[in-house]
């Protein structure tokens, strides 16, 4: 199974053109430029170990965006990121669909994805409400960004662990369940779903490219279900007037996420995540300063 795609030329030019087109094709959407910015933030941060939800909630507050819907908007536009993963791996996914009946490697991969998905699904359904009510705030995000950044640096500075798994199809049921348990931490905004899954994989003996690719595949059921569940449970908050903003945000986030996936796969081939850890600490401190100054 391939986990790399050929380099894209003119990627950022396409992103700029697509987002501007989306903006001007929907001129009646209130605060549409804020929606575009939030879509870009989601697309850039969803698959990096820096927490997309944390960035979105803080950005929404900073922009004074009125269509947040108690966090529903920020979660719904993750649908664009899910579509981006499916599009990025479309060729692999189609091949897997055709061969899954007789290909043991494909069967092992999707068993691992299912096992890793279960902990987040079960726990997420139980604690979704309390977490949204108590932890979706800038202070929580600042603290978790800083703590996660320190943890990321410490983990990366430890002596390298022996690599036991160098392909997503080689992930064992035990590794999958433990990666899923690590991903549960990302229910707290600021932790980062991708970061938790990737770091969990590294600690369990996956190499960098395998841990990253598996985190991307795991995003398909995890983000897809989170979006559907949150939308169904928040229908009373989502009126017809909110649909254009939700669609625009998902479109922009999907375009940006598609290119971010390719970039991160190339990045992890030769670099550590220490830079992301430093960024998390700086971002967390910046949020604390903004809170102290009454700007958030």
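Residue numbers (my numbering): 520 to 815. We put the beta carbon where it would ideally sit given N, CA and C, even for glycine. This one's a predicted model, so the numbers in the text were calculated from it and none came from an experiment.
For residue 725, the pairing in a beta bridge is given by DSSP as 684. If you look at residue 580, you'll find it in the alpha helix (DSSP H) that goes 571-582. Residue 749 carries a helical assignment under DSSP once its states are collapsed to helix, strand and coil.
Linking residue 600 to residue 652 through their CA atoms gives a straight-line distance of about 24 Å.
Listed in chain order, the non-local C-beta contacts of residue 636 below 7 Å within the same chain comprise 699, 737, 740 and 741, local neighbours out to five positions each way being set aside. Taking the CA atoms as reference points, residue 717 sits about 21 Å from residue 801. Residue 571 and residue 685 have their C-alpha atoms roughly 27 Å apart. Between residue 692 and residue 630, the CB-CB gap stays under 8 Å. Of the other Cβ atoms in all chains shown, 16 or more fall within 10 Å of the Cβ of residue 560; this residue is therefore buried.
For residue 619, there is no enclosing alpha helix (DSSP H), since its DSSP letter is neither H nor E. Per DSSP, reduced to three states, the secondary structure at residue 567 is coil, with no helix or strand assignment. Judged by beta-carbon spacing, residue 655 lies beyond the 8 Å limit of residue 764, meaning their Cβ atoms are not closer than that value. Here DSSP, grouped into helix, strand and coil, assigns residue 677 to coil.
Taking C-beta atoms under 8 Å as the contact rule, residue 667 and residue 709 qualify, at a distance of about 7 Å. By a beta-carbon distance limit of 8 Å, residue 598 contacts residue 769. Their separation comes to about 5 Å.
Distance from residue 795 to residue 568 at the Cβ level is roughly 5 Å; contact confirmed, criterion being Cβ atoms closer than 8 Å.
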